[in-house]
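Everything below concerns the one structure shown next.
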Amino acid sequence: MPIALFALTLSAFAIGTTEFVIVGLVPTIAADLGVSLPSAGLLVSLYALGVAIGAPVLTALTGKWNRKHVLLTLMALFVGGNLLAWQAPSYESLIMARILTGLAHGVFFSIGSTIATGLVSKDKEASAIAIMFTGLTVALVTGVPLGTWIGQTFGWRATFLVVSALGFLALIGSAFLVPNNLKQAKPATLKDQIKVLVQPRLLLVYLMTILGYGGTFTAFTYLAPILQQESGFAPSAVSIIMLVYGVSVAIGNIYGGKLADKKGPIKALTIIFTALALILFTLTFTMNTQIGAVLTVLVWGAFAFGNVPGLQVYVVKLAERYTPNAVDVASGLNIAAFNIGIALGSVLGGAIVEGMELRDTAWVGGVICLAALVATRFSGSLDARTA
């Protein structure tokens, strides 16, 4: 794999960290800026809004730009947004900083996927995307706890300063390592962009993405409380389990890419969604024992984000067939779908914890993953019919 991929992976790590680290810093920010907890929590939602808007809209608007120039501009925006958050004098300016950073996030993962596939041969495309997304998945379980610790120890502003430094390193790496002559699709017209929004086959993939991520995050959002309250682990043990889980996630993400390369996206996603549903159903019963909980969580990590490469390659494949002039836009909408799934899964998990029991997040997440499996098999049958 070309070394330029690792510059993209570092960018993904920095971006993933800044998206989710805010969750651990909400109480600290609320106290420091003198706002309520719900107001501080709004910083999470507004970031996701920036991602959802930035992914499809800005991807389309930058369609005529050189891909490398877009990448460098995005990372500069990301660094600037985090520096603004570091020095934010008020709650309102922090909101602006989060929205700016979210815009960069959305476009990065949209064009990053096409840049990653442009760096390798056709048979290694899914693996290239998997390597890039490893930065995001590792950020979820290593960068976020570390960033939270920095914020709690040195103040929440220090976290944004460190993340901006990571973004700057990724910017320098991309400037030197990513080639200028990257493959570039023809810019999409407004008509082509609308076709993406109304193309049933692409909408079905977006549904698969929302359900797949929504099912995982219904339970994953509350993994730490599950390990503490249901399994009886001390907080210090939970952090160790989360770090080991991160290694499992990274390995599973790369394996998911290889699986999609070898068997094709539909077969790979069928295996992964089936495994996720079974694991979440199993967790409902094993979370009461420490050994059972740890083993289930580690297996879960190996599959939790393994669907990313398959989903991203699949949406690009279908876009090339049905909306060939708007492949980047279609890819960007899938990034928006990932974030919608995360948001909906987290909200649903919160409603379950409030109205039912903590353990119920696992089996409900399993049911949602089964729905993703049904959507996947249906899409596969449509592929076979078309062929």
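In this text, residue positions in the sequence shown follow this note's numbering: the first is 8, and each later residue adds one.
Cβ atoms here follow ideal geometry from the backbone N, Cα and C, with glycine treated the same way.
Let me confirm a value: residue i is counted as buried when at least 16 other C-beta atoms fall within 10 Å, else exposed. Which label applies?
i, result
"ILE247", "exposed"
"ARG392", "exposed"
"HIS76", "exposed"
"LYS319", "The sequence given here places Gln at residue 319; Lys does not occur at that position. By the neighbour-count rule (16 or more Cβ atoms within 10 Å), GLN319 is buried."
"ILE36", "buried"
"GLU237", "buried"
"PRO96", "exposed"
"MET363", "exposed"
"SER43", "exposed"
"PHE161", "exposed"
"ASN314", "buried"
"ASN89", "buried"
"LEU143", "buried"
Out of the options, point me to the one whose CA is closest to residue i's CA.
i, options, result
"LYS129", "VAL323, ASN188, MET249, ASN295", "VAL323"
"PHE20", "GLY41, MET139, GLY88", "MET139"
"ALA137", "LEU15, SER100, LEU79, ALA244", "LEU15"
"GLY352", "TRP72, THR166, TYR54, TYR229", "TYR229"
"ALA382", "TYR329, ALA350, LEU276, SER338", "LEU276"
"VAL245", "ILE298, LEU79, VAL212", "ILE298"
"ALA55", "GLY150, ALA358, ALA378, ALA343", "ALA343"
"TRP163", "PHE116, LEU126, VAL33", "VAL33"
"LEU210", "ALA231, ASN341, MET249", "ASN341"
"VAL170", "TYR98, PHE224, PRO207, LEU91", "LEU91"
"ALA311", "VAL205, ILE261, ILE106", "ILE261"
"THR108", "GLY119, GLY23, ASN73, ASN188", "GLY23"
"ILE347", "PHE161, TYR252, ASP390, ILE217", "ILE217"
"GLY222", "ILE375, PHE385, SER18, ILE258", "ILE375"
"VAL58", "GLY253, ALA104, GLY158", "ALA104"
"MET215", "LEU168, ASP367, ILE279, THR330", "ILE279"
"GLY263", "THR69, PRO152, LYS131", "LYS131"
"GLY113", "ARG328, LEU234, SER18", "SER18"
"GLY87", "PHE175, ALA326, GLY154, VAL151", "PHE175"
If you drop the 5 nearest sequence neighbours on each side, which residues of the same chain put their C-beta closer than 7 angstroms to that of residue i?
i, result
"ILE10", "LEU184"
"THR281", "LEU380"
"ALA47", "VAL33, ILE36, ALA37"
"GLY308", "TYR252, SER255, VAL256, GLY259"
Need the endpoints of the alpha helix (DSSP H) that residue i sits in, please.
i, result
"ILE157", "151-161"
"LYS274", "272-293"
"ARG384", "367-393"
"LYS324", "314-329"
"LYS131", "Taken as a continuous stretch (DSSP letters only), LYS131 belongs to no alpha helix (DSSP H), as it is neither H nor E."
"LEU305", "297-311"
"LEU79", "74-93"
"PRO207", "207-227"
"LEU340", "334-362"
"PHE116", "98-125"
Kindly say whether residue i, judged by its beta-carbon, lies nearer than 8 angstroms to any beta-carbon of chain D.
i, result
"PHE224", "No chain D appears in this structure, which consists of one protein chain only."
Among residues of its own chain, excluding the 5 on either side of residue i, which ones have a beta-carbon nearer than 8 angstroms to its beta-carbon?
i, result
"THR303", "ILE286, THR289, LEU290, THR293, MET294"
"LEU389", "ARG208, LEU211"
Residues in the same chain with beta-carbon distance under 6 angstroms from residue i, minus the five sequence neighbours each way, listed in chain order, please.
i, result
"GLY317", "ALA267, PRO272, ALA275, LEU276"
"ALA111", "LEU81, LEU84, PHE85"
"PHE116", "ILE342"
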